[in-house]
Amino acid sequence: MSDRLKALSVLASVAILGLCSGMANACPYKDSVTGEPLIAIGGEAVADAIGIIDPPSASNYTNWDVNEDGIKDAVQFALLTELLCLDPSLVHEYDAILLQQVQDQFETNLALMQNLRAQANDTLPLAMAAAPLAVAVSNQMKAPANAAALAGPIEAAAFTTATVPANWAGSTYADLANFLFKSGDGVIYHDAEGNIGTAVAAADNDAAACLAAAGLGFATPSNVADIMANIWYKRVERGVALKNLDWDYLASKFALDANDVADIQGLVADQAAIGPDAIPTFDAGDFVAIPALNADFQWGAPGETLGSLITTYGGDVAAIWEYVLPYFEQPLFPADYCDAFSDPSSDELIFNVGGKAVADAIALIDTGNEVPQYHDYYSWDLNEDGIADHVQFGLLAKLLCIDNLCLEHPYLDLDAVRAAWELNLGTADAGLSEVLQDVAVARAAAQTVVDVTNAIKLADPSLRDVVIEAGTFGGAVPAEWAGKTYGDLANFLYDTAREVVKQDGNGNIDTALAALDNTAAKMLGGAVASIADQEHVDWILNNIWYARLIKGLKLRDLNWADLQARFSLDSVAVTAIVDAVNATTTSLDSVPEFGVDFEYDYWESESTRGAKL
Numbered sequence: 074m075s076d077r078l079k080a081l082s083v084l085a086s087v088a089i090l091g092l093c094s095g096m097a098n099a100c101p102y103k104d105s106v107t108g109e110p111l112i113a114i115g116g117e118a119v120a121d122a123i124g125i126i127d128p129p130s131a132s133n134y135t136n137w138d139v140n141e142d143g144i145k146d147a148v149q150f151a152l153l154t155e156l157l158c159l160d161p162s163l164v165h166e167y168d169a170i171l172l173q174q175v176q177d178q179f180e181t182n183l184a185l186m187q188n189l190r191a192q193a194n195d196t197l198p199l200a201m202a203a204a205p206l207a208v209a210v211s212n213q214m215k216a217p218a219n220a221a222a223l224a225g226p227i228e229a230a231a232f233t234t235a236t237v238p239a240n241w242a243g244s245t246y247a248d249l250a251n252f253l254f255k256s257g258d259g260v261i262y263h264d265a266e267g268n269i270g271t272a273v274a275a276a277d278n279d280a281a282a283c284l285a286a287a288g289l290g291f292a293t294p295s296n297v298a299d300i301m302a303n304i305w306y307k308r309v310e311r312g313v314a315l316k317n318l319d320w321d322y323l324a325s326k327f328a329l330d331a332n333d334v335a336d337i338q339g340l341v342a343d344q345a346a347i348g349p350d351a352i353p354t355f356d357a358g359d360f361v362a363i364p365a366l367n368a369d370f371q372w373g374a375p376g377e378t379l380g381s382l383i384t385t386y387g388g389d390v391a392a393i394w395e396y397v398l399p400y401f402e403q404p405l406f407p408a409d410y411c412d413a414f415s416d417p418s419s420d421e422l423i424f425n426v427g428g429k430a431v432a433d434a435i436a437l438i439d440t441g442n443e444v445p446q447y448h449d450y451y452s453w454d455l456n457e458d459g460i461a462d463h464v465q466f467g468l469l470a471k472l473l474c475i476d477n478l479c480l481e482h483p484y485l486d487l488d489a490v491r492a493a494w495e496l497n498l499g500t501a502d503a504g505l506s507e508v509l510q511d512v513a514v515a516r517a518a519a520q521t522v523v524d525v526t527n528a529i530k531l532a533d534p535s536l537r538d539v540v541i542e543a544g545t546f547g548g549a550v551p552a553e554w555a556g557k558t559y560g561d562l563a564n565f566l567y568d569t570a571r572e573v574v575k576q577d578g579n580g581n582i583d584t585a586l587a588a589l590d591n592t593a594a595k596m597l598g599g600a601v602a603s604i605a606d607q608e609h610v611d612w613i614l615n616n617i618w619y620a621r622l623i624k625g626l627k628l629r630d631l632n633w634a635d636l637q638a639r640f641s642l643d644s645v646a647v648t649a650i651v652d653a654v655n656a657t658t659t660s661l662d663s664v665p666e667f668g669v670d671f672e673y674d675y676w677e678s679e680s681t682r683g684a685k686l
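Per this note's numbering, residue 74 is the first one in the sequence shown, and the count goes up by one each step.
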């Protein structure tokens, strides 16, 4: 599926995902009393803790350069804080520092760190309780009677998954015993030295979470690969993999103390949320880069990068910010929007409210990271015209907010814009309402369709492989199904219905309904229709995924009585399917037609509009 069609498909299955940092100051990223950035507070506390725990590694936070880009992290993080504190309705004058985008990127990382913080709080007491048990079990494994078993390689039976994790493949039981001893002994030592308390005091707070979220913003495939190749990260991975140890098997093999094993199994059960799948990954989008932190990213006038400004001003954050602030203090649009296009709860442009909800939900539903470019509303360019969609939507709202109906413009036909908008909004409203109604019917009938069509799939080939006959459609077979067999028909219906069952089971349908059944979503739909043109409509019409949609809609004319007779289908199930079909309204007539049901808001010539924007 192409990126554009994936985006349009995902837009039909979206929901609102809210991230909250849990802070409530005038600027939530600065201390409410001192005004110091929380990131700096976190950095200073962590640096002090490192100095206490490991004096040879002591350093000053202001000297950190974790990503080794030649710029002090404290400078980048201080400037990031200023971006986080700005009103996102402001925009960088020249380049791609979109404030809402930067803030959303940071919030993604912050949400991850707050979640990991909660997991750490739950896990630390269990790890401390497990430490002496790990040492005891290790010593029991190393008993002289177990010498031969210790020398042998770890077997698949030693794990509940019946598979040796890749990072333990080729290791011996002696390696496992040594790992358990060092892990447990390390926890005991650091607890006795007071280092665990020191680390918790430094890390278990919002400031430390903000510091970590900012640090994740340096992520690139290269530096993530470097971290994953580090011996300390590998030890963490190896430790997490031991969540799946089969302690009953180990107890039998090494004659372990039954009480120790029972205690360990109890602690493992209490760590249900911690396992190999709990390790966040960059590729999966668990945390994201913040490109604005890069040294080569433009911050000032053309050619002025963050790196060049730091060369000019050194580490003087106040001087740098004073210089660049005018580039940000320019409203995206000069005034508030009229009531018709303002969200009643936030006064924000209603297109942006719907768009951000859709983008956040795409990120939530797109677990395969197939369309990452649509996870951020402010980077959308659905019609690929080189102009960010949110800019066009904002301008559209400005035009529609003009209340002087006699106002004329040398390029813009305001009456035509208003007429096109009313048409597009009506189509989006009606289409979305129809889809929302039919989704409820489809999800209720999906499992029945799966069961019935599975019966056709398993039928005798002499029935299943027959080419579809006219009686199955109560007349002529639609062109899209001509030459297809009953097996093809069953496979199509089965796959479609099974996907509905799957999406319903993982909550995505509820997620989509929650996001789409609101005014903001319907108005966003009207705005999206307003940037369509004949070229893109033709492209969609000629796409295989559109062809499959039409192929599916043609099945409204199926004669289920004919199918029931041919394949001895359950009469109650068939009746339920027929009732469900009759309860839906989506059909070929529901597919909007460009130039009839929706129109391009042709504000001015492509060349003129593009040049001005």
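Every residue, glycine too, gets a C-beta built ideally from N, C-alpha and C.
Limits of the unbroken alpha helix (DSSP H) element including residue i
{"i": "residue 137", "result": "Unbroken run through residue 137: none, as it is neither H nor E."}
{"i": "residue 709", "result": "The requested residue 709 is not part of the displayed model; the chain covers only 74 to 686."}
{"i": "residue 554", "result": "Run containing residue 554: none; DSSP gives neither H nor E here."}
{"i": "residue 487", "result": "487 to 530"}
{"i": "residue 581", "result": "581 to 589"}
{"i": "residue 463", "result": "462 to 473"}
{"i": "residue 152", "result": "146 to 158"}
{"i": "residue 180", "result": "172 to 214"}
{"i": "residue 130", "result": "No alpha helix (DSSP H) contains residue 130, which DSSP labels as neither H nor E."}
{"i": "residue 703", "result": "Absent from the model: residue 703. The displayed extent of the chain is 74 to 686, so no value can be given."}
{"i": "residue 600", "result": "592 to 603"}
{"i": "residue 223", "result": "220 to 224"}
{"i": "residue 143", "result": "Segment: none, residue 143 is in no alpha helix (DSSP H) and carries neither H nor E."}
{"i": "residue 310", "result": "304 to 314"}
{"i": "residue 276", "result": "268 to 276"}
Environment of residue i [buried if 16+ CB atoms lie within 10 Å]
{"i": "residue 419", "result": "exposed"}
{"i": "residue 590", "result": "exposed"}
{"i": "residue 161", "result": "buried"}
{"i": "residue 372", "result": "buried"}
{"i": "residue 186", "result": "buried"}
{"i": "residue 98", "result": "With a pLDDT of only 38 at residue 98, under the threshold of 50, the placement of this residue in the model should not be trusted; the figure read from the coordinates follows. Exposed."}
{"i": "residue 337", "result": "buried"}
{"i": "residue 641", "result": "exposed"}
{"i": "residue 459", "result": "exposed"}
{"i": "residue 592", "result": "exposed"}
{"i": "residue 451", "result": "buried"}
{"i": "residue 444", "result": "buried"}
{"i": "residue 305", "result": "exposed"}
{"i": "residue 70", "result": "A query on residue 70 cannot be resolved here, the shown segment of the chain reaching from 74 to 686 and no further."}
{"i": "residue 687", "result": "Lying before the first or after the last residue shown, residue 687 is absent from the chain, which here runs from 74 to 686."}
{"i": "residue 178", "result": "buried"}
For residue i, three-class secondary structure by DSSP
{"i": "residue 540", "result": "strand"}
{"i": "residue 101", "result": "coil"}
{"i": "residue 558", "result": "strand"}
{"i": "residue 291", "result": "coil"}
{"i": "residue 437", "result": "helix"}
{"i": "residue 566", "result": "helix"}
{"i": "residue 455", "result": "coil"}
{"i": "residue 284", "result": "helix"}
{"i": "residue 631", "result": "coil"}
{"i": "residue 323", "result": "helix"}
{"i": "residue 642", "result": "coil"}
{"i": "residue 442", "result": "coil"}
{"i": "residue 648", "result": "helix"}
{"i": "residue 534", "result": "helix"}
{"i": "residue 119", "result": "helix"}
{"i": "residue 297", "result": "helix"}
{"i": "residue 623", "result": "helix"}
{"i": "residue 548", "result": "coil"}
{"i": "residue 227", "result": "coil"}
For residue i: DSSP bridge partner residues
{"i": "residue 110", "result": "103"}
{"i": "residue 318", "result": "232"}
Short CB-CB distance (under 8 Å) between residue i and chain C
{"i": "residue 514", "result": "Looking for chain C here will not work: only one protein chain is present."}
Checklist entry - Which ranges does the beta strand (DSSP E) cover as unbroken runs of at least 3 residues, wholly within the stretch 350 to 432, from first to last along the chain? => result none
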